[in-house]
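Chains as they are written, first to last, in my numbering: chain A, 2 to 348; chain B, 120 to 399.
Note that the Cβ used here is the ideal one computed from N, Cα and C, for glycine as well.
This report concerns only the one structure given below.
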Amino acid sequence: MESRVVNKGQISELLDKLAKDYNLIAPIKEETMTLFRRVSGAQDVLLDYNNSDISPKGCFLPQNEKTFSYMYTGDTLEINKPEGVQKTVLFGARPCDIKAILTFDPVFEGVKFGDEYYSNKRKSTVIIGLSCSKVLSTCFCYAMGGGPCDGTGSDLLLTEIGDKYYVEVNTEKGKALVDAYSQIFSSQGAEQLAKDKEELAKKLSGEFVRKVDLTGVKEVLDGNFELPYWDGDNAKKCIGCGTCTYVCPTCHCFDIFDYPTGDFTGDRLRCWDSCMFPEYTLEAGGHNPRPTRKERIRNRFMHKIKYHLDRYNMVGCVGCGRCVNKCPVNIDITKIINDLKEVAQNV
Amino acid sequence: MSNPTALTPYPATITKIDVEASDTKTFTVVFDDPEIMENFGNQPGQVCMLSAFGEGESTISITSSPTRGKFLEFCVRRVGRLTSVLHQMEVGQKIGVRGPYGNGFPYETMKGKDLFFVGGGSALAPIRSLIDYALSEQYRSDYGKVEILYGARSMDDILFKSDLAERWPKIHNTGIYTTIDREEEGWKGHVGFVPSYVEEVAPSPENKIAIVAGPPIMIKFTLPVFAKLGFKDDQIITTLEMRMKCCLGKCGRCNIGSKFICVDGPVFSLAQLKQMPQEY
Ligand SMILES: Cc1cc2nc3c(=O)[nH]c(=O)nc-3n(C[C@H](O)[C@H](O)[C@H](O)COP(=O)(O)OP(=O)(O)OC[C@H]3O[C@@H](n4cnc5c(N)ncnc54)[C@H](O)[C@@H]3O)c2cc1C
Ligand code: SF4
Ligand code: SF4
Ligand code: FES
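Put into structure tokens, the structure is as follows:
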């Protein structure tokens, strides 16, 4: 694997160039929220943020996405798909969020049915990750196979060390990008920074306050769908607001509907949806297979720690801690995992 | 076959509309592009997503068998917004169709066996594709006796009346049993609910597969009857209806445990269902 170095003083220059040459998506501050948006240059980009409030999943699965537009009069029908996608750089994604994109891949690029909307964006996007420099009290990526400086899934991973960024070149796509801006990405001092990064990773790995351990949890769930545990507090507390799924970088559920734009024209949209809404599974006849919060909570957390694993051999949670942080009634996946471990002792 | 344009429907034209009941119509539909029609490759038991532009999409079973020709039939019950829009459509109008989706019936492994179909209400639609497949000239000799026990709420609610009364009984080695829930003037057939009628007809489990489709309550009371008659769990096949949006295993909502019913189902044997969480 190759590596490079960027002087902090040159990062603005890099971002300005990227914004010129690509559709650049980067973290920004919007009112009180940190989120990812298209930026026009370095001045908009927030570099010292911890974890964004909203993950960059929208880069590949936009919150609202037009899949085609139609012109329909009854007797005539025309369907037009949107133009091709622009080449994009996703800058500043955190390791957990990049890992989350990897959990999307088998869903959208499955063997049976592809998803051109997703794949086109995925193909034409270079992911420049940014190692975390701090561990938050809600973080537990280490327990889900990740880490604050883990570059898995990124094309380039930047790690801030002193007045420099250490750059790991992880893919050909990443290599092409550093080559294209070779006046910014130098090789000088990379060896020392590699060691410094190791040190940083080691230091950060000792800073997690949440003790989470998945071993044995899936095994309990495998044989026990009807655990009395699911009737407990969580089901009573949840208000079904859908915040957890909205902020979750691995939640990929969507709804599909039409949005008329005129008498005969309209757009077919797909929009994020939430399994925590009762209507999500409600059928026309009134039957609902997941009628209460108990079933919905169970489904969401089973999806994260069992179903996604069963289906795609990947845990469906990356430990970003967003749902822990944002749930208005403090429903906490790390507590659920730990509770289930306890339950496991008694079944 | 991987279809990269999976979310985009193909334009199709309604060529025929049959009124089945006050709330149910069967639409015959043909793709505008003959090549798509030719290569659609639908199997009995599969479904499509129908688009009514302006309303969105609904999952509807393909009720016709591919053996009947290069067209698709959809039997649609008017229950909500989209299905109401479909019901207002006329011959010659366009809809969007994408598919075919789902695993379909295991019609290959059913070969050499007798088939006993049980349908309740509008659920005759999904099993009709297999009935017509097994009764087609091409494949009739591959299957043994084909029996159909169908229950509807009232005479008006009986779907595919001419299939039940004329077309199917005329075919060699078939048995048709139709019942309605309550006595009605002009009805000379059986009266009563499906489960008890199955008990009365008492099909023998020997070399037979039961294909059961209907509202959850009917399924719930019918399955024990088959068990009592000696049917094993892998001799009972059913088809599920979970709410669906994408039919591609991506939008998430149709899951039962780690299975997505739109791609792993909707057809399951009772043996398979018993391995799955009871959340449907
Ligand atoms: C595998 C499968 C096969 C089906 N086959 C048929 C069929 O052959 N004939 C038929 O008439 N109906 C069938 N249905 C049910 C049909 O999809 C719904 O009745 C229909 O989508 C209701 O749409 P609506 O807009 O009229 O109702 P609304 O209540 O206005 O529905 C709003 C939305 O809910 C969804 N929805 C509501 N109920 C259901 C449901 N039971 N299943 C799935 N989605 C639902 C639809 O996506 C719809 O867009 C099938 C459903 C499934 C899952
Ligand atoms: S379940 Fe919670 S902690 Fe896990 S990835 Fe989703 S939002 Fe992050
Ligand atoms: S954020 Fe909390 S309250 Fe809201 S739906 Fe999720 S678990 Fe329930
Ligand atoms: S309908 Fe979307 S996953 Fe099954």
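So what's residue i in DSSP terms, helix, strand or just coil?
i, result
"B/Glu266", "strand"
"B/Met120", "For B/Met120, the pLDDT reaches just 36, beneath the cut-off of 50, and the residue's location in the model is therefore unreliable, although a value from the coordinates is still provided. DSSP places B/Met120 in coil when its eight states are reduced to three."
"A/Phe302", "helix"
"A/Leu137", "coil"
"A/Lys165", "strand"
"A/Cys60", "helix"
"B/Asn208", "What sits at residue 208 of chain B in the sequence shown is Met, not Asn. If DSSP states are grouped into helix, strand and coil, B/Met208 belongs with coil."
"B/Asp352", "helix"
"A/Gly217", "coil"
"A/Gly322", "coil"
"A/Ser188", "coil"
"A/Leu159", "strand"
"A/Val170", "strand"
"B/Ser273", "coil"
"A/Phe278", "coil"
"A/Val330", "coil"
"A/Lys203", "helix"
"A/Val40", "coil"
"A/Ser13", "helix"
Counting contacts by CB-CB distance shorter than 8 Å, is residue i in contact with chain A?
i, result
"B/Gln212", "yes"
"B/Ser121", "Unreliable positioning characterises B/Ser121 in this predicted model, as indicated by a pLDDT of 36, which lies under 50. A coordinate reading is not provided."
"B/Thr143", "no"
"B/Glu174", "yes"
"B/Arg362", "yes"
"B/Thr127", "yes"
"B/Gly160", "no"
"B/Lys369", "yes"
"B/Ser377", "yes"
"B/Cys365", "yes"
"B/Val386", "no"
"B/Gly164", "no"
"B/Arg259", "no"
"B/Gly199", "yes"
"B/Val382", "yes"
Name the DSSP bridge partner or partners of residue i?
i, result
"A/Met34", "A/Glu31"
"B/Tyr220", "B/Val166"
"B/Ile136", "B/Phe146"
"B/His309", "B/Thr298"
"A/Phe255", "A/Trp273"
"A/Lys24", "This sequence places Asn at residue 24 of chain A; Lys is not what is there. For A/Asn24, which the question treats as bridged, DSSP gives the partners A/Thr89."
"A/Asp268", "A/Ser70, A/Tyr260"
"B/Glu192", "B/Thr147"
Determine whether the Cβ of residue i lies closer than 8 Å to any Cβ atom of chain B.
i, result
"A/Leu228", "no"
"A/Thr126", "no"
"A/Arg312", "yes"
"A/Leu341", "no"
"A/Ile334", "no"
"A/Glu32", "no"
"A/Phe278", "no"
"A/Gly224", "no"
"A/Gly267", "yes"
"A/Thr153", "no"
"A/Thr77", "yes"
"A/Ala43", "no"
Verify the contact flag: residue i, CB atom, against every heavy atom of ligand 2, threshold strictly below 7 Å.
i, result
"A/Lys307", "no"
"B/Pro163", "no"
Got a sec: does ligand 3 put a non-hydrogen atom nearer than 7 Å to the Cβ of residue i?
i, result
"A/Lys327", "yes"
"A/Thr244", "yes"
"A/Gly241", "yes"
"A/Cys324", "yes"
"B/Ile355", "no"
"A/Val40", "no"
"A/Val330", "yes"
For a test of your reading of the model: does the CB of residue i fall under 7 Å from any non-hydrogen atom of ligand 1? Yes or no.
i, result
"B/Ile179", "yes"
"B/Arg217", "no"
"B/Leu191", "no"
"A/Ser275", "no"
"B/Lys364", "yes"
Within 7 Å: the Cβ of residue i and any heavy atom of ligand 4?
i, result
"B/Met395", "no"
"A/Ile55", "no"
"B/Gly371", "yes"
"A/Lys204", "no"
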